[in-house]
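In our numbering, the protein residues as written are 1 to 163. Structure first, then comments.
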Amino acid sequence: MITVASVTTGPARRGAWRGAMDALARLADTARRLGLRLGIEYEPGFLIGDVKTLLRAWRDVRHPALGANLDLGHARVAGENLPRTIALCAGRTWNVHVEDIRGRVHHHLPVGEGDMPWAAIARGLRASGYGGFLTVELYTCDRNPVSAGRRSLAALRRHFPGP
1 MITVASVTTG PARRGAWRGA MDALARLADT ARRLGLRLGI EYEPGFLIGD VKTLLRAWRD
61 VRHPALGANL DLGHARVAGE NLPRTIALCA GRTWNVHVED IRGRVHHHLP VGEGDMPWAA
121 IARGLRASGY GGFLTVELYT CDRNPVSAGR RSLAALRRHF PGP
């Protein structure tokens, strides 16, 4: 998993983009040689900050080892339609980060305690063929992480029944 954190604006942004794409291509080559895949996690405000710039990076780098660590909370904060974002990343999503978000405020909440559309997310992930991990990311819940994790797991099980 990698994020591309440059927040450069204006003409310098083009140079930052080119440099980031060159670095991603080299990293993806290394990952492939090692039998690994490299997932970009976009984050609002970063150089790769939404699904549109993620897709642009994929087009610019054109490397089969390069995919997404799709953070659905970041997609929500970016104002995206989550089932559409999931569909756009289908086949190249290596991992999914889940947390709940209230509105578009970038503050990770336990799953089920914000207003993320979990039923639509579950349908979208199933339709996309994603069968990998859902990684609960609750770094903001450091006061009682075990309770936050348990609440998140219970909420996820309502939408993702199975083993």
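Even glycine gets a Cβ: it sits at the ideal position worked out from N, Cα and C. Given the structure is predicted, the values throughout are model-derived calculations rather than measurements.
Given a cut-off of 9 angstroms on the beta-carbon distance, is the pair Ile40 and Ala12 in contact? no
Along the chain, where does the alpha helix (DSSP H) containing Leu125 start, and where does it finish? 118-128
Which residue's Cα is closest to the Cα of Ser147: Ile48, Leu134, Val111, Arg62? Val111 is the residue among Ile48, Leu134, Val111, Arg62 whose C-alpha sits nearest the C-alpha of Ser147.
On a Cα-Cα basis, can you pick out the residue from Ala78, Ile101, Tyr130 that is closest to Arg141? Sequence check: residue 141 is Cys here, not Arg. Each of Ala78, Ile101, Tyr130 was checked against the Cα of Cys141, and the nearest Cα belongs to Ile101.
In the DSSP assignment, the alpha helix (DSSP H) including Gly15 goes from what residue to what residue? 11-33
If you follow the beta strand (DSSP E) that Ala68 is in, where does it begin and where does it stop? 66-71
Taking a contact to mean a Cβ-Cβ separation below 9 angstroms, would you say Arg14 touches Pro64 in this structure? For Arg14 and Pro64, no; Cβs fall outside 9 angstroms.
Please report the straight-line C-alpha distance between Leu66 and Val136, rounded to a whole angstrom. Distance between the alpha carbons of Leu66 and Val136: 22 angstroms.
Less than 8 angstroms between the CB atoms is what I'm expecting for Leu82 and Gly45, so what's the real figure, rounded? Going by Cβ atoms, the distance from Leu82 to Gly45 rounds to 19 angstroms, so no, they are not a contact pair.
Determine the direct distance from the alpha carbon of Ala75 to that of Val51, and round the result to whole angstroms. Val51 and Ala75: Cα-Cα distance of roughly 7 angstroms.
Cα-Cα separation, Ala119 to Phe160: Straight-line Cα distance between these residues: approximately 9 angstroms.
Using C-beta distances below 6 angstroms, list every residue in its chain close to Arg158, excluding the 5 sequence neighbours before and after it, in chain order. none
Cβ-Cβ separation, Leu153 to Val98 (assumed contact under 8 angstroms), whole Å: Contact flag wrong, Cβ pair sits at about 11 angstroms.
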